[in-house]
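Asks:
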Amino acid sequence: MNVIILGSGGCVSTPRACCNCRVCTEARLKGFPYARTGCSLFIEEANILIDTPEDINTSLNNAGIQKVEHILYSHCDPDHTMGMRVIEQLNMDWLAASQGKKPDHPIEVASLPAVLEDVKKQGTKYGSALGYYEAKGLVYTREIYTLQAGGILIELIPTDEQEHVAVFVISSNGKKIIYAPCDVKPFPKSEKFQDADVLIIGNTIVGDVLKDGGVLNGDNPLRKELFTMDEIDDIRKQYKIKKVIITHLEEDWGKSYDDYRELEKTLDAVYFAYDGLKIQL
113 MNVIILGSGG
123 CVSTPRACCN
133 CRVCTEARLK
143 GFPYARTGCS
153 LFIEEANILI
163 DTPEDINTSL
173 NNAGIQKVEH
183 ILYSHCDPDH
193 TMGMRVIEQL
203 NMDWLAASQG
213 KKPDHPIEVA
223 SLPAVLEDVK
233 KQGTKYGSAL
243 GYYEAKGLVY
253 TREIYTLQAG
263 GILIELIPTD
273 EQEHVAVFVI
283 SSNGKKIIYA
293 PCDVKPFPKS
303 EKFQDADVLI
313 IGNTIVGDVL
323 KDGGVLNGDN
333 PLRKELFTMD
343 EIDDIRKQYK
353 IKKVIITHLE
363 EDWGKSYDDY
373 RELEKTLDAV
383 YFAYDGLKIQ
393 L
């Protein structure tokens, strides 16, 4: 099983436009892996893309991806969906379309029923963007709780009863990766998480002192949405997960690629994602 973290950034990419802080300046000069695009994942065996942030086209090019056959969505937040126009770049031949021809191989777009319904609401005054792509034959949509493709099994675990956010359990040949990029606190309970090889998880506060000396006090509302490092370690121990990789790394944390590498040396089985990171199991 081969998985690529295409984008490891948070709600704001690194470098942030018009920002001249230390981290953004370095990212602008050095590029990847100091730069970070929006949070996304790719599963090579089945050509599955999870989420389409605004800069997903850059992420796909950076990783050298040759084909996308499935797009899955974790939830409908803009930083995970607003790059949906990549569907046009992946599957639209404008000259052929002008002659009434549709693609031979539409891309599957799928998720939990509630997530897919949310995503279909996004659009312009002309209507649903996803509906437009479906009408043009670029994609077809499907409500799922499981997906099997290319020898990979993906199980979508809802975070709560409303089912507007999915956690992905990706399995193949006895190996297991959990992908929980965003809005997964409180972390759902499932035996399917037990003994996973890797947990890739986002929305984690990294460090006590953040960008420009910022501190999240105990009563800060973000603490209800985001995990602390201790809470991540509790999840790892609860499910006997071998390794944790933290993604969705916010520019607001004020840390560079090198800062995260140094921090890894102080942690037990916890690592930090970067764009292009390959996980092979």
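Under our numbering, think of the first position of the sequence shown as 113, with each following residue one higher. For glycine and all other residues, C-beta sits at the position ideal for the given N, C-alpha and C.
1. Taking only three categories from DSSP, how would you classify Ala308?
2. Pop quiz: Ile264 and Glu157 are said to be a contact at Cβ under 8 Å. What is the actual Cβ separation, rounded to whole angstroms?
3. When DSSP labels each residue in this structure, what does Leu338 get in the three-state scheme?
4. So, helix, strand or coil for Gln408, using DSSP?
5. DSSP on Gly185, reduced to helix/strand/coil?
6. In its own chain, which residues sit with a C-beta less than 6 Å from the C-beta of Ile353, not counting the 5 before and 5 after it?
7. Per DSSP, what kind of secondary structure is Gly243 in: helix, strand or coil?
8. On a CA-only basis, which of Gly325, Asp346, Gly319 and Ile282 is nearest Pro298? Give me that one, please.
9. Three-state secondary structure (DSSP) at Leu379?
10. Exposed or buried, which one is Ala208 when buried takes at least 16 other CB atoms within 10 Å?
11. Which of the three DSSP states is assigned to Ile177 in this structure?
12. Tell me the start and end of each unbroken beta strand (DSSP E) in the stretch 218 to 265 that is at least 3 residues and wholly inside, in chain order.
13. Does DSSP classify Asn114 as helix, strand or coil?
14. Can the beta-carbon of Leu202 be found closer than 8 Å to that of Val180?
15. With three or more C-beta pairs closer than 8 Å as the rule, is the stretch 355 to 372 touching the stretch 141 to 151?
16. Could you spell out where the beta strand (DSSP E) holding Lys390 opens and where it closes?
17. State the CB to CB distance for the pair Ile256 and Ser302, rounded to an integer number of angstroms; the pair is presumed to be in contact (CB under 8 Å).
18. Since I believe Lys287 is in contact with Met113 (beta carbons under 8 Å), could you give me their beta-carbon distance rounded to a whole number of angstroms?
19. Under 8 Å, do Ile381 and Ser120 count as touching if we go by C-beta distance?
20. For Gly330, count the other beta carbons within 10 Å of its own beta carbon; 16 or more makes it buried, fewer makes it exposed. Which is it?
21. Considering only C-alpha positions, which residue in the set Thr359, Leu242 and Gly326 is nearest to Met341?
22. For Phe305, collect the residues of the same chain with a Cβ closer than 6 Å to its Cβ; drop the 5 residues on either side in sequence, then sort them by chain order.
23. Can you name, in chain order, every residue of its own chain whose Cβ lies under 7 Å from the Cβ of Tyr369, other than the five neighbours on each side?
24. Would you say His192 and Pro215 are within 8 Å of each other, going by their C-beta atoms?
25. Taking 6 Å as the limit between beta carbons, can you name the residues of its chain near Ala222, skipping five residues before and five after?
26. Hey, out of Val327, Val318 and Asp324, whose CA is closest to Ile344's CA?
27. Grab me the residues of Cys188's own chain with a C-beta within less than 8 Å of its C-beta, minus the 5 sequence neighbours each way, in chain order.
28. Under DSSP, the alpha helix (DSSP H) around Val198 begins and ends at which residues?
Replies: Considering the structure as presented:
1. coil
2. 5 Å
3. coil
4. No answer is possible for residue 408: it lies beyond the span of the chain, which begins at 113 and ends at 393.
5. One detail in the question is off: residue 185 reads as Tyr in this sequence, not Gly. Residue state, collapsed to three classes: coil.
6. Ala308 and Leu311
7. helix
8. Asp346
9. coil
10. exposed
11. coil
12. 219 to 223, 251 to 255 and 258 to 261
13. strand
14. yes
15. yes
16. Leu389 to Gln392
17. Contact flag wrong, Cβ pair sits at about 17 Å.
18. 5 Å
19. Looking at the sequence shown, residue 381 is not Ile but Ala. Taking 8 Å as the Cβ cut-off, Ala381 and Ser120 do not qualify as a contacting pair.
20. exposed
21. Thr359
22. Ile290 and Tyr351
23. Pro145, Tyr146 and Tyr386
24. no
25. Leu184, Arg254 and Ile256
26. Val318
27. Val227, Asp230, Val231, Lys233, Gln234 and His276
28. Val198 to Asn203
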